Amino acid sequence: MRYAFLLIGGLEVLALAEVKYLFSTPEIVDGRIAVVEVCEPLFYRLALTKEVIELLEVCDYSELEDAFAEIPIPSQPLCVRVKRFRRTKTSTQELERKLGEILWRRGAKISVSSPKSVVKVYIADKAYVGLLRHVTDTKQFEERHPNKRPFFKPGVMLPRISRALVNIAVKDGLFLDPMCGTGGLLIEAGLMGLDYVGVDAFSNVVEGCARNLRYYGLHPSVLRGDAKILPFKDSSVSGIATDFPYLQSSKSFGSLEELYCKAIPEFARVLRFGCRAVLVSNIDIEEIVAESFEVLEVFRYKVHGSLTRRIYVCSNSKGNSK
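Structure (structure tokens):
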């Protein structure tokens, strides 16, 4: 079944990657709109999509009224809602009224105040008509803001980004964050119903991460360990996402360069063949990553003036194939 995803503004490239890896490669990308053939509607997992419609028609703007004369009509009371991404001669409200009137003349029950079905129209280069099937709960991400957790450290990723990275990394199976810190990625994985495990080098951080997981009703599946020597068998996890530390060195665990050079091959060792790792860093590490992984995509996400995160989406096509 075909769906149109309305991506959130400002992070369209990363939002598109979330849709692609969680579902499939979009057949149409029109600004913030991505049309995808979906077999398993995992819409509840989405972080960077505003809403999803079950697609009824794709047409030119000039053909909208003709399309509304032909599309299936829901039996429940409905309303028409239009979102424009380019200028049109007709205002949004006037267009909603006109299209709703076409459906009403065809026998539809119209209810602007309390509709049971919503016919959405997105107007970009093309017009996309469909039934609203999902609206992402954005409030949940603010409620899980890192500074609201029992254990907090500054500079961690926001829940919305964390969830998107988990979705890019893994659809199902065991998820690993080998440098889990306060547990933001693990929290999102757990809340989506995935199996997960985290590793961190410092006892106080492991304890804090466990406290955060319990705070959200999740099992504290986190242990102390070294990302350079992970305590897991070869090919034992289905997806990895992690945010490398930004300090230049650690007295206890050596230089950051050593961490990159030894940890990344270790990630490839424990990751199943053909599965993905999403590696986040504040420096360019593509050459190091490419020694162990096939680099599929690289995104840059500006956090603030002095911090730009590089997000490397990698496939373990070079790893062992056990």
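Sequential numbering of the sequence shown, starting at 73, is according to the numbering used here.
Where a beta carbon is used, it is the ideal one built from N, C-alpha and C, also for glycine.
Predicted model, so just to flag it, every value in this text is computed and none were measured.
Can you tell me where the beta strand (DSSP E) with residue i in it begins and where it stops?
i       : result
Gly-256 : Segment 256-263 is the alpha helix (DSSP H) holding Gly-256; no beta strand (DSSP E) there.
Asp-138 : Taken as a continuous stretch (DSSP letters only), Asp-138 belongs to no beta strand (DSSP E), being part of the alpha helix (DSSP H) at 136-140.
Tyr-93  : Careful: Tyr-93 lies outside any beta strand (DSSP E), inside the alpha helix (DSSP H) at 84-94.
Tyr-384 : 379-387
Val-294 : 294-296
Leaving out five residues on either side along the sequence, give the residues of the same chain with a beta carbon under 7 angstroms from the beta carbon of residue i.
i       : result
Ser-321 : With a pLDDT of 42 at Ser-321, under the threshold of 50, the predicted position of this residue should be treated as unreliable, though the coordinate-derived value follows. If we look at Ser-321 and ignore the five residues flanking it on each side, its Cβ neighbours are Ser-327, Leu-328.
Gly-202 : Ala-76, Ile-125, Glu-126, Leu-127, Leu-128, Lys-192
Phe-140 : Leu-171, Ile-174, Leu-175
Met-229 : Gly-256, Asp-315
Leu-204 : Glu-123, Ile-125, Val-190, Lys-192
For the alpha helix (DSSP H) that contains residue i, what are its first and last residues?
i       : result
Lys-192 : Looking at the DSSP string, Lys-192 is not in any alpha helix (DSSP H); the run it does join, the beta strand (DSSP E), is 189-195.
Gly-172 : 164-177
Give me whichever residues DSSP pairs with residue i in a beta bridge.
i       : result
Ile-412 : Because residue 412 is not part of the residues shown, which for the chain are 73 to 394, the question remains open.
Thr-208 : Note: Thr-208 sits in no beta bridge, so no partner.
Cys-151 : Val-190
Gly-311 : Phe-247, Arg-348
Gly-202 : Leu-127, Lys-192
Asp-272 : Arg-296
Ser-183 : BP columns for Ser-183 are empty, so no partner.
Arg-156 : Ile-195
Can you tell me whether residue i sits near the ligand MG, meaning its C-beta is under 7 angstroms from at least one heavy atom of the ligand?
i      : result
Tyr-93 : What this structure holds is no ligand at all, so the ligand MG is not there to describe.
What does the Cβ neighbour count give for residue i, buried or exposed, with the cut at 16 atoms within 10 Å?
i       : result
Asn-219 : exposed
Met-73  : exposed
Thr-380 : exposed
Arg-235 : buried
Ser-96  : exposed
His-206 : buried
Thr-210 : exposed
Val-184 : exposed
Identify whether residue i lies in helix, strand or coil by the three-state DSSP scheme.
i       : result
Ala-119 : coil
Phe-365 : coil
Arg-286 : helix
Ser-234 : helix
Val-342 : helix
Leu-266 : coil
Phe-224 : coil
Ser-321 : With a pLDDT of 42 at Ser-321, under the threshold of 50, the predicted position of this residue should be treated as unreliable, though the coordinate-derived value follows. Strand.
Met-73  : coil
Cys-281 : helix
Leu-302 : coil
Lys-374 : strand
Ile-357 : coil
Ile-240 : helix
Pro-337 : helix
Given residue i, which residues of its chain have a CB within under 6 angstroms of its CB, disregarding the five upstream and five downstream residues?
i       : result
Ser-353 : Phe-316, Arg-382
Lys-181 : Pro-149
Ile-100 : Val-107
Might you give, ordered along the chain, the residues of its own chain that have their beta carbon closer than 8 angstroms to the beta carbon of residue i, omitting 5 neighbours on each side?
i       : result
Pro-144 : Leu-128
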